[in-house]
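Heads up, the final residue of the sequence shown is numbered 138 in the working numbering, and it's a clean run with no missing numbers. Remarks on the structure that follows.
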Amino acid sequence: MAEISPNDVTTSSTGNAFSVDIQVTISGGDTGVNRVAITAPGSVGVPAVTEVQVDGSTVAFTDNSSGNAISVDLNTKVTASSKLTILFTADAPTTQDLTGVDFTSTVDDSGTGDAAQSTTEGMATAMQAITIVGM
């Protein structure tokens, strides 16, 4: 499950600080997570990753982001159920959109041939939103 905060920003505001929280569930036989990808909608300014956290603690990562595609590789694989938080800044959409724009995200163990796993909107924290609204 994943969610974004804040989920409403002022139209055309710049340098907004966002966080995407992803609740990772590791079950028996799962190899873990060392890569997170987040796609920001084209109406949002190019995001810049500022920090990555696992269960609230800052962790080392490599930022492979390009354009509106956030891609981070964790230096240490997450092998137990945890909350991953990706902190980034981005400019808000330039036009008002009360329906919102969705961010999509996946988690992956890049060392396997398995496909990355998509996240769904849900209660990674108390918010439950993966959409931002330009107000």
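All C-beta atoms, glycine included, are put in the ideal place defined by N, C-alpha and C. The structure displayed is predicted, hence computed values, not measured ones.
Asked, Found
"Exposure label - Gly31; buried when at least 16 CB within 10 Å", "exposed"
"Which of helix, strand or coil DSSP assigns to Ala121", "Before going on, a small fix: residue 121 reads as Ser here, not Ala. The answer is strand: DSSP assigns Ser121 an E or B state."
"For Gly116 and Phe21, the rounded distance between their alpha carbons", "31 Å"
"Residues of its chain near Asp58, where Cβ-Cβ distance is below 6 Å and the 5 sequence neighbours each way are ignored", "Ser85, Lys86"
"Short Cβ contact (7 Å threshold) for Val110 with Gln120", "yes"
"Buried versus exposed, by CB contacts within 10 Å (16 or more), Leu1", "Here the chain covers residues 4 to 138 and nothing more, so residue 1 does not appear."
"Interface flag, Asp112 vs chain D, CB-CB below 7 Å", "Although the question refers to chain D, the structure presented lacks it and comprises just one protein chain."
"Status (buried if at least 16 other CB within 10 Å, exposed otherwise) for Glu6", "buried"
"For Asn10, the three-state DSSP class (helix, strand or coil)", "coil"
"Gly48 classed as buried or exposed, judged by whether at least 16 other C-beta atoms fall within 10 angstroms", "buried"
"Chain-order list of residues whose beta-carbon lies under 7 Å from that of Val27 (same chain, five-residue window excluded)", "Val36, Val81, Ser84, Ser85, Leu87, Val110"
"N- and C-terminal bounds of the beta strand (DSSP E) containing Thr109", "107-111"
"Buried or exposed (CB count within 10 angstroms, at least 16 for buried), Pro50", "buried"
"Nearest residue (CA-CA) to Ser74, options Thr97, Ala43, Thr17", "Ala43"
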